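Here our numbering is used: the first residue of the sequence shown is 54, the next is one more, and so on. Don't be surprised by glycine CBs; every beta carbon is placed ideally from N, CA and C. Remember, it's a predicted structure, so these values are computed and weren't measured experimentally. Here's the structure, in structure tokens; my notes come after.
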Amino acid sequence: RDHVLGLASEVWSAPAHPVQVAAAFAFAEPAEVRGRIAASRRLHASVARAASEILAGHGIAHRAPAAGFYLYPDFDAHRDRLRTVERVSTSRDLATLLLERFGVASLPGTAFGEDERVLTLRFATSGLYGTTAEQLDALEHPDPARLPWIDRSLRSLDRSLAALLGSPATDVGSENRSIPVAPSSRLAR
């Protein structure tokens with residue numbers, strides 16, 4: 054038993070060799086890794102900014118995204134309507150309603166330590182990037198929010214919030230946003 058525990062502690066204290074090799078490669082910051090990071094930043098910024106504009110268009114308070122793909126909207130300005138029309142009084146109620154009625158996934162603020170009555174959610178815009186092939190196309194595009202499948206997802210978010218809040222869709226930034234794109238050839242490589 055002691056021998057097995059000793060071996061286990063050594064095995065579990067370090068990642069497997071292939072993972073170590075991959076990490077060493079990435080930490081050397083070759084051009085491929087730097088390019089992928091830059092493309093990922095552009096993708097996250099473009100889509101998070103577009104989603105942020107939609108939230109703002111519906112009067113939903115939130116911090117503008119500075120990095121990454123998460124938004125943390127606060128629906129307090131809509132508390133009365135949500136309570137009386139939708140019977141929503143907690144962030145969990147709100148997250149459940151958005152998912153069940155509109156297919157919009159989010160985490161309630163309670164998952165991040167907020168009191169249940171604080172109507173905050175966390176949205177991950179990375180779920181709007183599409184299939185694997187579409188994600189690869191989005192990484193290569195200078196303005197990913199204009200791609201048809203991402204634009205459709207953003208419009209769907211806009212319509213869902215409009216229906217939830219009893220407001221018109223904002224169509225913020227959507228005019229002439231969507232453009233055609235050829236399928237990715239990167240998967241064939």
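Taking residue 192 as part of the beta strand (DSSP E), name the residues at either end of that continuous run. The residue you call residue 192 lines up with position 139 of the sequence shown. Annotation: residue 192 is outside any beta strand (DSSP E); the continuous alpha helix (DSSP H) that includes it extends over 185-193.
Would you mind stating whether residue 88 and residue 223 have Cβ atoms separated by less than 7 Å? Working through the sequence shown from its first residue, we reach residue 88 at position 35. Working through the sequence shown from its first residue, we reach residue 223 at position 170. Cβ atoms of residue 88 and residue 223: not closer than 7 Å.
Report yes if the C-beta distance between residue 130 and residue 112 is below 7 Å; otherwise report no. Reading the sequence shown from its first residue, position 77 is the one you call residue 130. Reading the sequence shown from its first residue, position 59 is the one you call residue 112. Contact flag set, yes.
Suppose the cutoff is 6 Å on Cβ atoms and the five residues either side in sequence are ignored; what does the same chain contact list for residue 183 look like? For this step, residue 183 is matched to residue 130 along the sequence shown. Once the five neighbours on either side are set aside, the close Cβ partners of residue 183 are 202.
My assumption, with CB atoms under 8 Å, is that residue 152 sits in contact with residue 126. Please give the rounded CB distance. On the sequence shown, position 99 is the one that residue 152 refers to. On the sequence shown, position 73 is the one that residue 126 refers to. Between residue 152 and residue 126 a beta carbon distance of about 15 Å is seen, past the 8 Å cut, so the two are scored as non-contacting.
Distance CB(residue 122)-CB(residue 101) smaller than 7 Å: The residue you call residue 122 lines up with position 69 of the sequence shown. The residue you call residue 101 lines up with position 48 of the sequence shown. A contact, by the Cβ cut-off of 7 Å.
Beta-carbon contacts of residue 137 that lie in its chain and below 8 Å, excluding the five residues immediately before and after: As a position in the sequence shown, residue 137 is number 84, starting the count at 1. Nothing listed; no residue qualifies.
Starting from the N-terminal side, write out each stretch of the beta strand (DSSP E) that is 3 residues or longer and does not extend beyond the region 151-226. 174-177
Sequence-distant residues of the same chain with beta carbon closer than 8 Å to residue 68, five excluded per side: By one-based count along the sequence shown, residue 68 stands at place 15. If we look at residue 68 and ignore the five residues flanking it on each side, its Cβ neighbours are 76.
Relative to the alpha-carbon of residue 176, which residue among 104, 74, 73 has its alpha-carbon at the smallest distance? In the sequence shown, residue 176 corresponds to position 123, counting from 1. Closest by alpha carbon: 104.
Tell me the DSSP bridge mates of residue 127? Counted from its first residue, the sequence shown places residue 127 at position 74. According to DSSP, residue 127 bridges with 114, 173.
Just the Cα atoms here: how many angstroms apart are residue 163 and residue 172? On the sequence shown, position 110 is the one that residue 163 refers to. On the sequence shown, position 119 is the one that residue 172 refers to. Answer to the nearest angstrom: the Cα atoms are 9 Å apart.
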